[in-house]
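**Student:** Numbering (the numbering used here), first residue to last: 192 to 524.
Backbone N, C-alpha and C fix where the C-beta goes; we use that ideal spot for every residue, glycine too.
Owing to the predicted nature of the structure, the values given are computational and were not obtained by experimental measurement.
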């Protein structure tokens, strides 16, 4: 397991976790029985870090994780969820349009004040039935989610969310906190304004696209002593061959060709592109964990198999020689 020296006592060293986006019905409807089967398979295979959010499925994913985990010994797993939206129940006709295919009947509002964060954590504990949350991420406080209100909400978080979470950490109510975002800038801003422990960086660091993160994000978190968790390390299924990229149907120009070239080289070296993608993320010292989601139990199995597969050094050398990896990117040695 990877380790990281932290400025406080918390250290996450579970290299493979399970993310909750698919269970929130991001890509398709998911029966409750299948969600529980996915969680059970993850547990059976030794996965002990579980990440979700009340946003996923408008509280559906968080409830599913709680239903499964509340029966497990609490000291045996790490659980993280997120704050930044408050939810209230509505009629079926009032559910707002979202990315979720089968959400629960809730509406929401973005809010990062101290009172909102306290209420959000209380709501998450009630929904999950757990007695505490290990890691709390400040969720989607980035321009791709809140648009031109980014500065307003960041000021709100600096005065509210960041202070509350640091106070909760000092009291032992939570073990750690940080940002959970799809962009680099919010993590950099949070490091300047607060004292986060661990941040979930989604979509910004993958075998397909990582140059900006190498140059700006990784040096900053390393200097600050902040851990990184990789969310959407497969670019929401694009690396696995899906016709989407980072939760959208628009695929950047040239990326399908790049994916095909990497996949071809991987096959030549006796591995697959999922294995390559997972090991690429974990090769960076700053990333201690990757949390791919799963739409069926078989995907959990393939992720565990990928983690346990050795990738030939010649594979990484060939990718760099052919310009398919940024020259400054870390690779397994």
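Quick one: is residue 338 buried, meaning 16 or more other Cβ sit within 10 Å of its Cβ, or exposed?
**Tutor:** So residue 338 ends up on the exposed side.
**Student:** Just list the alpha helix (DSSP H) runs in the stretch 276 to 360, keeping only unbroken ones of 4 residues or longer that don't cross its boundaries, in chain order.
**Tutor:** Those alpha helix (DSSP H) runs which fall completely within the stretch 276 to 360 and span 4+ residues are 305 to 319, 334 to 337, 341 to 350.
**Student:** Roughly how many whole angstroms lie between the Cα atoms of residue 355 and residue 343?
**Tutor:** Going by the C-alpha atoms only, they are around 18 Å apart.
**Student:** Over the uninterrupted alpha helix (DSSP H) stretch that includes residue 234, give me the two end residues.
**Tutor:** Taken as a continuous stretch (DSSP letters only), the alpha helix (DSSP H) holding residue 234 covers 223 to 235.
**Student:** Counting only runs that start and end within the stretch 403 to 436, where is the alpha helix (DSSP H) found for 4 or more residues in a row?
**Tutor:** With a minimum length of 4 residues, the continuous alpha helix (DSSP H) runs that stay inside the stretch 403 to 436 are 409 to 415.
**Student:** Quick one, which of 357, 276, 395 has its alpha-carbon nearest residue 315's?
**Tutor:** With distances taken between Cα atoms, residue 315 lies closest to 276.
**Student:** Looking at residue 368: is its Cβ nearer than 8 Å to the Cβ of residue 326?
**Tutor:** In contact: residue 368 and residue 326 (Cβ atoms closer than 8 Å).
**Student:** So what's residue 144 in DSSP terms, helix, strand or just coil?
**Tutor:** Shown here, the chain extends from 192 to 524; a query on residue 144 therefore has no answer.
**Student:** Let me know the secondary structure DSSP gives residue 466 once reduced to three states.
**Tutor:** Three-state DSSP puts residue 466 in a helix.
**Student:** Taking residue 399 as the reference, give the member of 515, 409, 420, 422 with the closest Cα.
**Tutor:** Per the Cα distances, 515.
**Student:** DSSP three-state call for residue 273: helix, strand or coil?
**Tutor:** Reduced to three states, the DSSP call for residue 273 is strand.
**Student:** Can you have a look at residue 235 and say buried or exposed, based on whether 16 or more other CB atoms are within 10 angstroms of its CB?
**Tutor:** Looking at its Cβ environment, which holds fewer than 16 other Cβ atoms inside 10 Å, residue 235 is exposed.
**Student:** Could you tell me whether the Cβ atoms of residue 483 and residue 228 are closer together than 8 Å?
**Tutor:** In this structure, residue 228 does not lie closer than 8 Å to residue 483 by Cβ.
**Student:** Nearest-angstrom Cα distance between residue 476 and residue 457?
**Tutor:** The straight-line gap from Cα to Cα measures roughly 23 Å.
**Student:** From the DSSP output, in three-state form, read off residue 252 for me.
**Tutor:** Residue 252 falls in the helix class under three-state DSSP.
**Student:** Do residue 239 and residue 268 count as a contact pair if the criterion is CB distance below 8 Å?
**Tutor:** Yes, these two residues count as a Cβ contact at 8 Å.
**Student:** Across which residues does DSSP place residue 444 in a beta bridge pair?
**Tutor:** The partner list for residue 444 (beta bridge, DSSP) is empty, contrary to what the question assumes.
**Student:** What span of residues does the beta strand (DSSP E) with residue 478 cover, start to end?
**Tutor:** Residues 478 to 481.
**Student:** Indicate the three-state DSSP secondary structure (helix, strand or coil) for residue 397 in the structure shown.
**Tutor:** DSSP places residue 397 in coil when its eight states are reduced to three.
**Student:** Tell me, please, whether the CB atom of residue 261 is closer than 8 Å to any CB atom in chain B?
**Tutor:** Absent here is chain B; the protein component of the structure consists of one chain.
**Student:** Looking at residue 247: is its Cβ nearer than 8 Å to the Cβ of residue 211?
**Tutor:** Yes, these two residues count as a Cβ contact at 8 Å.
**Student:** Confirm, please, whether the CB-CB distance from residue 348 to residue 396 is below 8 Å.
**Tutor:** Contact: no.
**Student:** Measuring alpha carbon to alpha carbon, tell me which of 371, 261, 468, 271 ends up nearest residue 429.
**Tutor:** Taking only the C-alpha atoms, the option nearest residue 429 is 468.
**Student:** In its own chain, which residues sit with a C-beta less than 6 Å from the C-beta of residue 196, not counting the 5 before and 5 after it?
**Tutor:** Annotation note: pLDDT 33 at residue 196 (below 50); position unreliable, no value reported.
**Student:** Among the candidates 506, 249, 305, whose CA atom is the shortest distance from the CA of residue 453?
**Tutor:** Comparing Cα positions, the closest option is 506.
**Student:** For residue 439, which of helix, strand or coil comes out of DSSP?
**Tutor:** DSSP places residue 439 in strand when its eight states are reduced to three.
**Student:** Buried or exposed for residue 441, going by 16 or more other Cβ atoms inside 10 Å?
**Tutor:** Exposed, by the Cβ-count rule.
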